[in-house]
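Protein chains in written order, with the working numbering: chain A, 1 to 394; chain B, 395 to 788.
Protein chains: 2
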Amino acid sequence: MHAEVLPVTGAWRPGDPVADRRFFRFATDRPFVLDGGGQLRDVTIAYETWGQLDDSRSNAILICHAWTGDAHAAGAVAPGQPTPGWWEGMIGPGLPIDTDRYFVVCTNVLGGCQGSTGPASPHPDDGRPYGSRFPVVTIRDMVRAQARLSDHLGIDTWASVIGGSMGGMQVLEWAITYPQRVRSIAPIATCAYATAQQIAWGAIGRRAIRLDPKWRGGDYYDAADGDGPWEGLAIARMLAQVTFRSDNVFSEKFGRELAKNDPHPEHGLDLWQRFEVESYLDYHGDKLVQRFDTNSYIIIGKAMDLHDVGRGRNGVEAAMSRVKVPTLTIGIWSDILYPSYQQKEIRELLVSNGTPCEYVEIDSPHGHDAFLLSKDQVGAALGPFLDDVVKTTR
Amino acid sequence: MHAEVLPVTGAWRPGDPVADRRFFRFATDRPFVLDGGGQLRDVTIAYETWGQLDDSRSNAILICHAWTGDAHAAGAVAPGQPTPGWWEGMIGPGLPIDTDRYFVVCTNVLGGCQGSTGPASPHPDDGRPYGSRFPVVTIRDMVRAQARLSDHLGIDTWASVIGGSMGGMQVLEWAITYPQRVRSIAPIATCAYATAQQIAWGAIGRRAIRLDPKWRGGDYYDAADGDGPWEGLAIARMLAQVTFRSDNVFSEKFGRELAKNDPHPEHGLDLWQRFEVESYLDYHGDKLVQRFDTNSYIIIGKAMDLHDVGRGRNGVEAAMSRVKVPTLTIGIWSDILYPSYQQKEIRELLVSNGTPCEYVEIDSPHGHDAFLLSKDQVGAALGPFLDDVVKTTR
Numbered sequence: 001m002h003a004e005v006l007p008v009t010g011a012w013r014p015g016d017p018v019a020d021r022r023f024f025r026f027a028t029d030r031p032f033v034l035d036g037g038g039q040l041r042d043v044t045i046a047y048e049t050w051g052q053l054d055d056s057r058s059n060a061i062l063i064c065h066a067w068t069g070d071a072h073a074a075g076a077v078a079p080g081q082p083t084p085g086w087w088e089g090m091i092g093p094g095l096p097i098d099t100d101r102y103f104v105v106c107t108n109v110l111g112g113c114q115g116s117t118g119p120a121s122p123h124p125d126d127g128r129p130y131g132s133r134f135p136v137v138t139i140r141d142m143v144r145a146q147a148r149l150s151d152h153l154g155i156d157t158w159a160s161v162i163g164g165s166m167g168g169m170q171v172l173e174w175a176i177t178y179p180q181r182v183r184s185i186a187p188i189a190t191c192a193y194a195t196a197q198q199i200a201w202g203a204i205g206r207r208a209i210r211l212d213p214k215w216r217g218g219d220y221y222d223a224a225d226g227d228g229p230w231e232g233l234a235i236a237r238m239l240a241q242v243t244f245r246s247d248n249v250f251s252e253k254f255g256r257e258l259a260k261n262d263p264h265p266e267h268g269l270d271l272w273q274r275f276e277v278e279s280y281l282d283y284h285g286d287k288l289v290q291r292f293d294t295n296s297y298i299i300i301g302k303a304m305d306l307h308d309v310g311r312g313r314n315g316v317e318a319a320m321s322r323v324k325v326p327t328l329t330i331g332i333w334s335d336i337l338y339p340s341y342q343q344k345e346i347r348e349l350l351v352s353n354g355t356p357c358e359y360v361e362i363d364s365p366h367g368h369d370a371f372l373l374s375k376d377q378v379g380a381a382l383g384p385f386l387d388d389v390v391k392t393t394r
Numbered sequence: 395m396h397a398e399v400l401p402v403t404g405a406w407r408p409g410d411p412v413a414d415r416r417f418f419r420f421a422t423d424r425p426f427v428l429d430g431g432g433q434l435r436d437v438t439i440a441y442e443t444w445g446q447l448d449d450s451r452s453n454a455i456l457i458c459h460a461w462t463g464d465a466h467a468a469g470a471v472a473p474g475q476p477t478p479g480w481w482e483g484m485i486g487p488g489l490p491i492d493t494d495r496y497f498v499v500c501t502n503v504l505g506g507c508q509g510s511t512g513p514a515s516p517h518p519d520d521g522r523p524y525g526s527r528f529p530v531v532t533i534r535d536m537v538r539a540q541a542r543l544s545d546h547l548g549i550d551t552w553a554s555v556i557g558g559s560m561g562g563m564q565v566l567e568w569a570i571t572y573p574q575r576v577r578s579i580a581p582i583a584t585c586a587y588a589t590a591q592q593i594a595w596g597a598i599g600r601r602a603i604r605l606d607p608k609w610r611g612g613d614y615y616d617a618a619d620g621d622g623p624w625e626g627l628a629i630a631r632m633l634a635q636v637t638f639r640s641d642n643v644f645s646e647k648f649g650r651e652l653a654k655n656d657p658h659p660e661h662g663l664d665l666w667q668r669f670e671v672e673s674y675l676d677y678h679g680d681k682l683v684q685r686f687d688t689n690s691y692i693i694i695g696k697a698m699d700l701h702d703v704g705r706g707r708n709g710v711e712a713a714m715s716r717v718k719v720p721t722l723t724i725g726i727w728s729d730i731l732y733p734s735y736q737q738k739e740i741r742e743l744l745v746s747n748g749t750p751c752e753y754v755e756i757d758s759p760h761g762h763d764a765f766l767l768s769k770d771q772v773g774a775a776l777g778p779f780l781d782d783v784v785k786t787t788r
């Protein structure tokens, strides 16, 4: 195994520089066999790091991102990084995940489109994008790819593995697949298995993408006009965006205002006159299209639907009984997508096996996205948790 | 004004008989000017009745249907009526809405596709379907069309106006627009104004329909292949269906089961292998397509988004202060689409003006659809309420 800088795939044109993004490549000699039966060769995992690995290699923390996240968890806008890190303010010197003390790593997940191998990457056979040829990947595959990177970096054991939403699914799979390689975990606003309602939201988004004629069965990369399934992806994202937020905040923020930037009819009502909330959703749908690959959205969404720590392990309880390390799980009372009962269930499953698990509830009306928005509260729980872990497990 | 049997429009072929469905036609001489600025001529309202109007014409109850409902609130399967009444078990001899005592009327709303004038109806100018020419209608227009029918039937005052979801919006508009024409109202699982989140769900469904190339801007009726925007409508319906139910019931009913009727892969995971909940949503989406017109879905959905009893009336409080009659409002604790705080708000608005209003909460995990599913509880509240109304207001 060796690390090298590869051409960036997906949303980036080959050759475009991306500040601080590093690349690890594996499965160059033998294929990486996937949980779902497929396989991949020449797999690239993009990642970023912050801080310094100490001599005992014991101060490493892995951060896992959510659906449309990437390796840029922290840091400023930079070439190829059009936005600040998605957890900016959480990771840095003197911050809750303190880079003066920890060596912090964040990877782009397998199947993604921000540097790691995904459907938009060139297939090793012909150099053309995988498209519909890309295999199903699961959260476990994402985690096993991260484990290969850990080997490469010389990190036997993570001081902590931390993530929200789909990131939290990876956190749980880390502790179950590699119980000896984590000293603590923090699964946030996540679940031990996707519920029927969570699958339902994802399935509707997938069907909207399939309806888009420009999706072309997943092989849209070579479209002569450079066009793609942007409308289908935007609709899928709009739907997700409603589930990421909350009724009360939508009411407070938008109420029944008409879209500010639309022409208002002089009199009368128009079928396509938008309300402000529609304008907001259209904006978020169209914004994702600028930075995200539609097939990655489908592949990663399916990985979340397939998430079930109990699959092939004699059920959820048996799987969770493998977790033996101190755990902090965080919920948000207003989260309608990953309701707080799911994090309380994680705690119950662990505590019933004698594993220490603390549950902290974020007091925020912002819904699921509060794990990204209410960083003060998340940090106030995470910081002391990490302090304790270092004291008790080092 | 006169009643006559017209060719049925929309989902029914002209000439098909529909058991018990009656038709009222108005605006044959002067156009019906709409709330949104448009107008309609030769308007047909389809309706059904049960029981007998008494000599004093004081025992009439109006039932108002929801988004995809119709005039067939009660009754068996019959020619042209492929399903039993949508509130079967609530309306009939000895039932909570007792047809031995009351004369019960239910209309198909203006804009609908089950006999009343809607986008699939022939335009009087050319006999071709309205399609994209159909004007915006509001809940107030639906109610004013019902008032024309009331005039025709000789009903000056309804003993009660009752409805759930969009039906409840009509109920409130009845009491506000025609305070002298109702003696009581029962708005169920509804709201005084659509919230941003409710608008959001509707807007996403509309955008999915627009994405369907077979929608053709709304003018799909003459498509040479007889094809239409069924896929877009199905997706919109799937989304609505999730909001009509609840997380807990989805988990209980479907969990993480794979679709029973799909072939299961021998081994491995397949991107398009459905979970049972997906199969259920696909089924409900495709089922609606069999019986409902896509443009009606859009027009009625927009009417709900535009619902705001305060519009043009100096706000919600001023509008609600016009309601002076005994009110029963019913909520469902598990309703995520019309959360129970909205019905409690209706009560607060009325009680603060000295209007008697009772709030009853349905104890059901089924979500919004409990107003259709938990008829025992709805009936247990409605029956005594109607008894009291008759005693105190007759």
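C-beta atoms are modelled at their ideal positions from N, C-alpha and C, and glycine is treated no differently.
Q.
Taking a contact to mean a Cβ-Cβ separation below 7 Å, would you say A:Ile346 touches A:Ala175 in this structure?
A. no
Q: Look at the alpha carbon of A:Val277 and the alpha carbon of A:Arg237, and state the distance between them as a whole number of angstroms.
A: 14 Å
Q) So which of A:Trp87, A:Ala203, A:Val18 has the shortest CA-CA distance to A:Ile300? A) A:Ala203
(Q) If the criterion is Cβ atoms closer than 7 Å, does the pair A:Thr177 and A:Asp35 meet it? (A) no
**Q.** Three-state class that DSSP yields for A:Tyr178 in the structure shown
**A.** coil
Q | beta strand (DSSP E) runs wholly inside the stretch 19-99 of chain A, at least 3 long, in chain order | A | 22-26, 43-50, 60-64
Q. Taking the runs of the beta strand (DSSP E) that are 3 residues or longer, which of them lie wholly in the stretch 740-773 of chain B?
A. 751-756
**Q.** Element boundaries [beta strand (DSSP E), containing B:Ser554]
**A.** 554-558
Q) Under the three-state reduction of DSSP, which class applies to B:Pro401: helix, strand or coil? A) Here B:Pro401 scores only 36 on pLDDT, less than 50, and its place in the model should not be relied on; the value that follows carries that caveat. Coil, per DSSP.
Q: Classify B:Asp621 as helix, strand or coil using the three-state DSSP reduction.
A: coil
Q) If we ignore side chains and look at the alpha-carbon of each, how far apart do A:Phe103 and B:Gly599 end up? A) 45 Å
Q.
Judging by CA-CA distance, which residue of B:Gln736, B:Leu566, B:Glu651 is the nearest neighbour of A:Asn248?
A. B:Gln736
Q.
Is it the case that the stretch 599-617 of chain B contacts the stretch 246-265 of chain A, given that we only count it when at least three CB pairs across the two stretches are under 8 Å?
A. no
Q: Return the residue from the list B:Arg575, B:His517, B:Pro516 that minimises the CA-CA distance to B:Ala541.
A: B:Arg575
Q.
Please state whether the Cβ-Cβ distance between B:Cys458 and B:Ser690 is less than 7 Å.
A. no
Q: Pull up the CB-CB distance for A:Ile332 and A:Gly367, whole angstroms please, since I reckon it's below 8 Å.
A: 7 Å
Q: Measure the Cβ-Cβ separation of B:Ala440 and B:Met560 and say whether it is below 7 Å.
A: no
Q: With distances taken Cα to Cα, identify the nearest neighbour of B:Gly525 among B:Val427, B:Glu567, B:Gly622, B:Gly483.
A: B:Gly622
**Q.** Below-7 Å beta-carbon distance, A:Gly205 vs any chain B residue
**A.** no
Q: Determine which residues of the stretch 328-342 of chain A have a Cβ less than 8 Å from any Cβ of chain B, and write them out in chain order.
A: Ile336, Pro339
(Q) Considering only the alpha carbon of each residue, which of A:Asp308, A:Arg245, A:Trp272 lies closest to A:Leu172? (A) A:Asp308
Q: Grab me the residues of A:Arg322's own chain with a C-beta within less than 6 Å of its C-beta, minus the 5 sequence neighbours each way, in chain order.
A: Ile176, Pro179
Q: Run through the stretch 670-734 of chain B for me and flag every whole alpha helix (DSSP H) of 4 or more residues, listed as ranges in chain order.
A: 670-685, 688-699, 709-714
Q: Counting only the same chain and skipping the five closest in sequence on each side, list residues whose C-beta sits under 6 Å from that of B:Ile804.
A: Because chain B here runs from 395 to 788, residue 804 of chain B falls outside it and cannot be looked at.
Q: Report the neighbours of A:Ser165 on chain B: residues whose CB is nearer than 8 Å to its CB, in chain order.
A: Simply none; closest approach about 16 Å.
Q: Please report the residue range of the beta strand (DSSP E) in which A:Ile185 lies.
A: 185-188
(Q) Between A:Thr195 and chain B, is any beta-carbon pair separated by less than 7 Å? (A) yes
Q) Would the beta-carbon of B:Pro778 fall within 7 Å of that of B:Pro750? A) no
Q. Can you name, in chain order, every residue of its own chain whose Cβ lies under 7 Å from the Cβ of B:Leu700, other than the five neighbours on each side?
A. Thr532
Q. Interface residues of chain A around B:Ile533 at Cβ under 9 Å?
A. Ordered by position in chain A, no residue passes the 9 Å Cβ test against B:Ile533, which lies about 12 Å from the chain.
Q. Is the beta carbon of A:Pro79 sitting closer than 7 Å to the one on A:Ser246?
A. no
Q: Excluding the 5 residues preceding and the 5 following B:Thr477 in the sequence, name in chain order all residues of the same chain whose CB lies nearer than 7 Å to its CB.
A: Val471
**Q.** A:Met238: contacting residues in chain B (beta-carbon distance under 9 Å)
**A.** Ala594, Ala597, Ile598, Arg601
Q: Could you have a look at A:His2 and say whether DSSP puts it in helix, strand or coil?
A: For A:His2, the predicted structure reports a pLDDT of 37, less than 50, and the residue's modelled location is therefore unreliable. The matter cannot be settled from this model.
Q | Cut-off 6 Å between Cβ atoms - residues of its own chain near B:Thr511, not counting five sequence neighbours on either side | A | Val437, Thr438
Q.
Is there a Cβ of chain B sitting closer than 7 Å to that of A:Gly112, yes or no?
A. no
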